[in-house]
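The sequence shown begins at 2 in our numbering and counts up by one. Just so you know, even glycine gets a beta-carbon here, dropped at the ideal spot from N, CA and C. Remember, it's a predicted structure, so these values are computed and weren't measured experimentally. Below: the structure, in C-alpha cells.
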Amino acid sequence: MNILLKGGRIVDPSQNINEEMDLLIEKGQIAQIGKDIYKNAKGDSALKILDLGGKIVVPGLIDMHTHLREPGFEYKETIQTGCEAAVAGGFTSIACMPNTKPINDNRSVTELICRKATQCNLANVYPIAAISNGSEGITLTEFGDLKDAGAVAFSDDGRPVMNSALMRRALEYASSLGIPIISHCEDTDLSSGGLMNEGFVSTELGLSGIPNIAEDIMVARDIAIADYTNTSVHIAHVSTAESVRLIREAKKRGIKVTAETAPHYFSLTDEALRKYDTYTKVYPPLRNIADVTAIKEGLSDSTIDAIASDHAPHSSIEKDVEFEYASPGIVGLETSLSLSLKLAAEGVLTLDQLILKMSTIPAVILGIPKGTLRTGSDADITVIDIKREWTVDINKFRSKSKNSPFNGWKLKGKAVLTIVDGEIKYSENFE
Ligand code: DOR
Ligand code: ZN
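This is how it looks when you write it as C-alpha cells:
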C-alpha cells in the first residue's frame with residue numbers, strides 16, 4: 002500500500018529540511034517530498050492518505066543502545082516485546098547489546114537475533130556483538146566473522162574491558178573493519194561494591210557510592226588509546242561532568258570520539274534515590290545536579306552526539322528486592338522521545354538538533370543506511386505530536402518489564418505513527 006503523509010512539518014536534518022510538506026511512500030521507499038504532492042495525487046484511490054496537519058514528520062528514530070534480553074532472559078524482554086516497545090516509542094531501528102545468555106560473542110547468536118527480528122517484522126534490529134569472548138575481557142571475539150553475520154558494532158556494555166591492551170587491540174581491529182567500538186566506561190575496581198552515585202546523598206542514605214572518577218578515568222583512557230592508535234571510539238551513556246569535559250577537549254584536538262547519553266542522565270539526579278526505589282538504580286548511577294547541567298551543556302554544544310535509551314528491562318524478581326540486591330537498569334524505549342522533547346521545550350536543543358541526536362547521527366555512527374528522509378531511502382518514518390500531553394503508565398508499556406522511575410510523569414510530545422519500510426507498525430488516534 003502506498004501512503005501519502007499530507008501536510009506535516011518535515012524535520013530532516015540530513016537534508017536541512019524544516020518545513021511543511023507532503024511525503025509520498027511507494028513500494029516501501031520514500032518516493033517524493035514536496036509541497037504539491039497531495040494536489041496531484043488526490044484522485045488516486047490506491048493511495049492511503051494520512052492528514053498530519055500540525056504534526057512533525059522525522060526520519061525514523063534510532064536507538065543505538067537497547068538491551069533485548071533474548072536469548073536467555075526472555076522473562077524480562079523478548080525480541081518481539083522489545084520491538085513492540087520500540088515502535089510504540091517511535092523507534093524504527095534499534096541496536097541491541099550483547100549481554101544476553103549466551104553472550105552475543107559468536108555468529109550463531111548474532112544470526113539468531115537477526116532471524117528472530119525478521120520474523121517479528123516490526124523495527125529493524127541491529128546486533129552489537131561482544132568485544133571479548135564471554136565478555137570476560139581476556140580474548141577478542143572474531144570481529145570479521147561477527148560483522149559478516151550482521152553485527153554493526155562491538156561493545157563491552159555491562160562488563161567493561163579493564164585490560165587497556167585488549168581495548169587497544171579492539172579499537173585497532175574494529176577500525177580496520179570500519180566498525181565502531183561502543184565503550185561502557187567504568188573502572189570496576191573503583192565502582193566495586195557501589196550502589197549509587199558517591200556523594201552527599203549516598204552518605205545520607207548510607208549506601209556505598211560509585212565515584213564519578215570510575216567513569217572519568219576510563220573515558221580518559223579510551224580517548225588516549227583512540228588518539229595513540231588514530232582510531233575512533235564511541236562512549237556509551239555519559240553521566241559525569243568530567244566525561245563531558247574530556248570528550249569536548251578531545252574533539253577539539255581532532256580525536257575521533259563520539260558519545261551518547263541517556264534520558265535519565267539529564268532528567269534525574271541522585272536525589273531520586275531517597276526513597277530507595279530500585280527503579281532508580283542504574284549503572285552508571287544517576288549523578289548530581291552539576292553533572293546533569295554539564296550533560297545538558299554537552300548535548301547543546303554537540304559534545305554529546307547522540308541520545309540513546311539504554312533500555313534495560315528487569316522483572317520484579319530483580320527489582321522487588323532490597324536496594325542492595327536489585328539489578329541495575331531502567332527501561333527507556335517508551336519514554337525516551339518524550340523525555341528528550343523536554344530538552345527542546347527548555348531550549349537546550351532545537352528540534353533539528355534533537356532529531357540529529359536520535360536518528361541522523363546514530364545512523365552515521367553505526368554505519369547503517371538510515372536516519373534520512375532522502376528520496377530513494379527506506380521509508381522509516383516517525384510522526385510526532387509535540388502537543389500531545391500524556392502520563393507515563395508502566396502498566397501500559399509494551400515492554401515486558403516495567404522498571405521505569407518515570408511512572409506517573411506528565412510529559413508533552415509523543416510518537417503517534419511509526420512506519421518501517423513503508424508499513425505502519427504503530428499508530429495512535431488519527432486514523
Ligand atoms: O544499568 C545497567 N543495566 N547498566 C548496564 O551497563 C547494563 C544494563 C543491563 O544490562 O541491565
Ligand atoms: Zn552500559
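In chain order, what residues of the same chain lie with their CB nearer than 7 Å to the CB of residue 380, ignoring the 5 residues before and after it? 26, 29, 30, 31, 420, 422 and 423
Taking buried to mean at least 16 other C-beta atoms within 10 Å of its own C-beta, is residue 490 buried or exposed? In the structure displayed, the chain extends from 2 to 432; residue 490 sits before or after that span and is not available.
Tell me the DSSP secondary structure of residue 41 in three-state form. helix
When 275, 83, 212 and 401 are compared against residue 205, the one with the closest alpha-carbon: 275
So what does DSSP say about residue 191, is it helix, strand or coil? helix
Where residue 6 falls: helix, strand or coil (DSSP): strand
Residue 428 by DSSP, collapsed to three states: which one? strand
Does any heavy atom of the ligand DOR sit closer than 7 Å to the C-beta of residue 406? no
As a quick exercise: from 72, 14, 359 and 400, pick the residue whose alpha carbon is nearest that of residue 316. 400
Check: residue 260 C-beta below 7 Å from any heavy atom of the ligand ZN: no
Of all residues in the structure, which have a C-beta closer than 7 Å to any heavy atom of the ligand ZN, taken in chain order? 158, 159, 185, 237, 238, 284 and 311
Using a Cβ-Cβ cut-off of 7 Å (strictly less than) and excluding sequence neighbours within five positions of residue 289, which residues of its own chain qualify? 198, 200, 270 and 271
Segment contact, 8 Å Cβ cut-off, at least three pairs: the stretch 286-301 with the stretch 235-244: yes
Three-way DSSP call (helix, strand, coil) for residue 322 in this model: coil
Tell me whether residue 95 sits in a helix, a strand or coil according to DSSP, three-state version. strand
DSSP-derived helix/strand/coil call for residue 398: coil
Check the C-beta distance from residue 147 over to residue 111 and give it rounded, since I have them as a contact under 8 Å. 6 Å
Contact defined as beta carbons within less than 8 Å: I believe residue 91 pairs with residue 383. What is the distance between those atoms, to the nearest angstrom? 4 Å
From residue 166 to residue 140, what does the alpha carbon distance come to, in whole angstroms? 11 Å
Count the C-beta pairs between the stretch 64-83 and the stretch 313-327 that are closer than 8 Å, then say yes if the count reaches three, no if not. yes
With distances taken from CA atoms, which of 3, 175, 142 and 284 is nearest residue 212? 284
Where does residue 419 fall in DSSP's three states? strand
Just to check my reading of the structure: residue 265 and residue 66 have Cβ atoms closer than 8 Å, yes? What is that Cβ distance to the nearest angstrom? With 8 Å as the limit, residue 265 and residue 66 do not qualify as a contact, their Cβ atoms being about 12 Å apart.
Distance check for residue 303 and residue 253, CA to CA, integer angstroms please. 11 Å
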